[in-house]
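Protein chains in written order, with the numbering used here: chain B, 1 to 306; chain P, 307 to 590. For reference, the structure is listed below as structure tokens.
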């Protein structure tokens, strides 16, 4: 794919009569309508509804009444537990992103640099397949390893490190971190692979011919050119974790809960306006990140690499 | 591979390579280890799965296929996936044309609109839909609300995957067909659709697997019905049965097979378009 294809390369036909006729036949706006209307009705309108509700009030008998107020937001920012949970979620997202990239970069580098194209395709498939399979089950599968009767505990008791199964690995933050790294690794790997694949490695030789040390060549030649891939990887790992409630619910116990788990609590408690406000806070964070990094983001590199 | 690329660039090249290779193997093991344990535990005799393995049995698979609630949930998931994917594939493929070929006024806005449902956390989409259905439309949550929710995130995948294919599409083929007198409808039917069919199929298969596995949006938009992931979640949350491991194994192995297939088909498409000399070079 050419580097800027995410920006939308439009093929311009030569200006001959017949070509124009063919263009007119297959280039019209109306086919966009059904999908456009669907997204407007089922995505944009509900998002707008969410914002509006976040500014309304829930009555004690769970009705939503249009009293315009910022109380829902004040409630969030005046409750230290909630603010702490938000900060913790941001730290968790950053820690998972850092680990994901630290794991994925050498992996992708090895793949692009030292593996033959045929094997690259196979290994890439091995990474992509878990990426598309059930997120719920991949998180659940870790219970088999981290749980009280899991493989890790059996190993540790087996070699005599601990006497009885430890609950250290599950139902707390480290377990959530590990499982999130696992779940989001393929995003990072795909994004970084896509950018490394476009890199011309002879540039490193050239840099070293001109006297650069290998680390200097990596830092000043490779890094700037793969930056879009790294940013795409960051975004693809960081953002979903802001809305992550399933992994904490499965392996987080009471200690490992993240901001989206609060949303689920309000959902269960029918506190819809508070829930909407919490959602909007997350949505606002996501939007800010997407706006800041939009120019680097190469969604197709991750999503359309089938 | 270019010989220059394999030329060692540092005295440590061999060491670096060995370390990187080890790392790659560790990563692959990391990706598949939990799945391997899950599969292993699905054959474990004991009611509380764990190590050491006490014995192997197919008992949980037998229980699985005679569990009416589970089978009902599977059926529900298949209905939702087929309905959502059929609709998403049709409207997504249609939308990809104007999006890639510039038939609409603000292609970049539209492009962002179609990436947002993929980028935004599912919980936000689920909550927004829940509020919209329950409190604005005053509708009961049902299959239809689940299908609507799945449509929101599957359609963008189809648009992006088919769009990526269209971007590398050689328009000369269409102009040649038109030159030879084919109507736009015939160009579409006999030239364009056959060539992008593998991308459409790959997109549809991915949409089906995503829909069958989808938990988060369904969690917020489902009524009293059970879909398979919702069933599995309740099982995991409230009293584990080893049956879940059997279900999980079937589902994981099943989706992996479907995905492998769709990937091979997409590869086929790349080779075919490579043969007829696609100029755009979108494929690899």
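No residue lacks a Cβ here, since even glycine has one placed at the ideal position from N, Cα and C.
- The C-beta of residue 28(B) comes closer than 8 Å to at least one C-beta of chain P.
- Fully contained in the region 206-248 of chain B are the following alpha helix (DSSP H) runs of length 4 or more, in chain order: 214-217, 223-242.
- When secondary structure is reduced to three states using DSSP, residue 411(P) falls in the coil class, being assigned neither helix nor strand.
- At a cut-off of 8 Å between beta carbons, residue 330(P) contacts chain B.
- Approximately 5 Å separates the beta-carbon atoms of residue 421(P) and residue 299(B); this is inside 8 Å, confirming the contact.
- DSSP places residue 73(B) in the uninterrupted alpha helix (DSSP H) bounded by 71-78.
- Just so you know, the alpha carbons of residue 108(B) and residue 446(P) end up roughly 47 Å apart.
- In the DSSP assignment, residue 340(P) falls within the unbroken alpha helix (DSSP H) covering 319-348.
- Interface criterion not met: the Cβ of residue 68(B) is under 8 Å from no Cβ in chain P.
- Nearest to residue 276(B) by C-alpha distance, out of 556(P), 525(P), 436(P), is 436(P).
- Leaving aside the five residues that flank residue 51(B) on each side, the residues in its chain whose CB is nearer than 7 Å to its CB run, in chain order, 280.
- In the structure shown, residue 84(B) adopts helical secondary structure according to DSSP, grouped into three states.
- Annotation: the region 349-434 of chain P contains the following complete segments of the alpha helix (DSSP H) (minimum length 4 residues), in chain order: 365-371, 374-407, 413-425.
- For residue 543(P), the uninterrupted alpha helix (DSSP H) segment begins and ends at 534-543.
- Taking 8 Å as the cut-off, the beta carbon of residue 199(B) is found closer than this to the beta carbon of residue 222(B).
- For residue 91(B), the closest C-alpha among the options 237(B), 250(B), 266(B), 265(B) is that of 237(B).
- Taken atom to atom, the span from the alpha-carbon of residue 461(P) to that of residue 438(P) is near 19 Å.
- Taking 8 Å as the threshold, the shortest C-beta distance from residue 59(B) to chain P does not fall below it.
- At a cut-off of 8 Å between beta carbons, residue 361(P) makes no contact with chain B.
- Using a Cβ-Cβ cut-off of 7 Å, residue 430(P) is close to 243, 279, 282, 283 of chain B, given in chain order.
- Per DSSP, the continuous alpha helix (DSSP H) segment holding residue 481(P) begins and ends at 477-485.
- Nearest CB-CB separation between residue 134(B) and chain P: below the 8 Å threshold.
- Between the region 494-511 of chain P and the region 385-404 of chain P, the count of C-beta pairs closer than 8 Å reaches three or more; the two stretches touch.
- Contacts between residue 126(B) and chain P, judged by CB atoms closer than 9 Å, involve 334, 337, 338 in chain order.
- Straight across, the Cα-Cα distance linking residue 233(B) with residue 224(B) is about 15 Å.
- Residue range 143-146 is occupied by the alpha helix (DSSP H) that includes residue 144(B).
- Against chain B, a Cβ distance below 9 Å from residue 567(P) picks out nothing, because the smallest value is about 11 Å.
- Taking 8 Å as the threshold, the shortest C-beta distance from residue 529(P) to chain B does not fall below it.
- Residue pairing for residue 64(B): DSSP places it in a beta bridge opposite 58(B).
- For the region 97-156 of chain B, the continuous alpha helix (DSSP H) assignments of 4+ residues that do not extend past its boundaries occur at 117-132, 135-141, 143-146, in sequence order.
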